[in-house]
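Colleague: Structure incoming, see below.
Numbering (my numbering), first residue to last: 14 to 250.
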């Protein structure tokens, strides 16, 4: 029988493809993680799991590595900044993390903390998410983007947050939202920051192609977008 080598295991599981320097296989054949991929120090996940079980905890467990999150945020922000400088782009990059991706408080707090140097903001897709963000996002330069279904209470909370100094952007997905935003904004005396979610005419290929482009259930089509711009212009919002 041919002896299975560590290098063969790396190739078989394509660990260099998805590990990105953070994950590898050691001489014992166990998966190891290097939370800081510039460090020679690694953690044997098999040993770690054995220790966890030895303390009486049952599997499965969720193991989170803050250093990987920090490195990912830094790499993303630097990639955009390098491209901005290379192509002499006159705008700015504002990263925003949708908390629906992972709503655990510790994760969201770390995104805010590690993203502070890059003004990374947060996105709320519902009123409960907006409440959660308001308790965490303390960077006055970071964006707070409001997406998803918006009733009057959601819009009111968003605009009150703007009045308190948050950089709030409400993304319009349906025409009737625009009228509601205008109503609440005038009641509160706030000039709202508005974005528009649009349906692209062209659709990509792949798994979601049948629900993309003009078949998308979210966003404004070209006619609705022009109507929305006219409404915004007439209402001075």
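C-beta: ideal position from N, C-alpha, C; glycine also.
#1: Is residue 135 closer than 8 Å to residue 146 when the C-beta atoms are compared?
#2: Which word fits residue 227, buried or exposed, when buried means at least 16 other C-beta atoms lie within 10 angstroms of its C-beta?
#3: So, for residue 36: in the same chain, excluding its five sequence neighbours on each side, which residues have a beta-carbon less than 8 Å away from its beta-carbon?
#4: Quick one: measure Cβ to Cβ for residue 127 and residue 108, integer angstroms, because I've assumed they're closer than 8 Å.
#5: Kindly indicate which three-state DSSP category residue 48 falls into: helix, strand or coil?
#6: Does DSSP put residue 205 in a helix, a strand or coil?
#7: Measure how close the beta-carbons of residue 207 and residue 232 come, nearest whole angstrom, since I'm counting them as under 8 Å.
#8: So, is residue 71 buried or exposed, given that buried needs 16 or more other C-beta atoms within 10 angstroms?
#9: Among 209, 19, 92 and 133, which residue has its Cα nearest to the Cα of residue 183?
#10: Since residue 111 is in the beta strand (DSSP E), which residue starts that stretch and which ends it?
#11: Residues bridged to residue 57 by DSSP?
#12: Using the Cα positions of residue 242 and residue 249, report the straight-line distance between them to the nearest angstrom.
#13: Of all the options 96, 137, 105 and 95, which has the alpha carbon lying nearest to the alpha carbon of residue 114?
#14: Reducing DSSP to helix, strand and coil, say where residue 70 ends up.
#15: In this structure, does DSSP put residue 37 in helix, strand or coil?
#16: Which of the three DSSP states, helix, strand or coil, is assigned to residue 199?
#17: Whole angstroms are fine: how far does the CA of residue 21 sit from the CA of residue 171?
#18: Out of 140, 15 and 38, which one is the CA nearest neighbour of residue 173?
#19: What are the boundary residues of the beta strand (DSSP E) that residue 181 is part of?
Modeller: So, from the data block:
#1: The residue given as residue 146 occupies position 133 in the chain shown. The residue given as residue 135 occupies position 122 in the chain shown. Result yes, Cβ atoms of residue 146 and residue 135 sit closer than 8 Å.
#2: To locate residue 227, count along the chain shown from 1; it is residue 214. Classification for residue 227: exposed.
#3: The count along the chain shown starts at 1 and reaches residue 36 at position 23. The beta carbon of residue 36 sits closer than 8 Å to the beta carbons of 28, 44, 45, 46 and 47 from its chain, once the five residues preceding and following it are set aside; these are given in chain order.
#4: Indexing the chain shown from 1 puts residue 127 at position 114. Indexing the chain shown from 1 puts residue 108 at position 95. That pair is no contact at about 11 Å.
#5: Indexing the chain shown from 1 puts residue 48 at position 35. Judged by DSSP in its simplified three-state form, residue 48 adopts coil rather than helix or strand.
#6: Sequence index remark: in the chain shown, residue 205 carries index 192 (1-based). In the structure shown, residue 205 sits in coil (DSSP, three-state: anything other than H, G, I, E or B).
#7: Position 194 of the chain shown holds residue 207. Position 219 of the chain shown holds residue 232. 14 Å between Cβ atoms; not a contact.
#8: Here residue 71 refers to the residue found at position 58 when the chain shown is read from its first residue. Residue 71 is exposed by the Cβ-count criterion.
#9: Mapped onto the chain shown, residue 183 falls at position 170. That would be 209, whose Cα lies nearest to the Cα of residue 183.
#10: Counted from its first residue, the chain shown places residue 111 at position 98. Unbroken beta strand (DSSP E) run through residue 111: 109-111.
#11: For the purposes of this step, residue 57 is taken as residue 44 along the chain shown, with counting starting at 1. Partner(s): 45.
#12: Here the question's residue 242 lines up with position 229 in the chain shown. Here the question's residue 249 lines up with position 236 in the chain shown. Put simply, the backbone Cα of residue 242 is about 10 Å away from that of residue 249.
#13: Residue 114 sits at position 101 when you count from the first residue of the chain shown. Residue 137 is the option with its Cα nearest to residue 114.
#14: Here residue 70 refers to the residue found at position 57 of the chain shown. In the structure shown, residue 70 sits in coil (DSSP, three-state: anything other than H, G, I, E or B).
#15: In the chain shown, the residue the question calls residue 37 occupies position 24. Residue 37 falls in the strand class under three-state DSSP.
#16: Taking the first residue of the chain shown as position 1, residue 199 is located at position 186. DSSP places residue 199 in helix when its eight states are reduced to three.
#17: The residue given as residue 171 occupies position 158 in the chain shown. The residue given as residue 21 occupies position 8 in the chain shown. It is roughly 54 Å from the alpha-carbon of residue 171 to the alpha-carbon of residue 21.
#18: By one-based count along the chain shown, residue 173 stands at place 160. The closest CA to that of residue 173, considering only 140, 15 and 38, is found on 140.
#19: Stepping through the chain shown from its first residue, residue 181 is reached at position 168. DSSP places residue 181 in the uninterrupted beta strand (DSSP E) bounded by 180-185.
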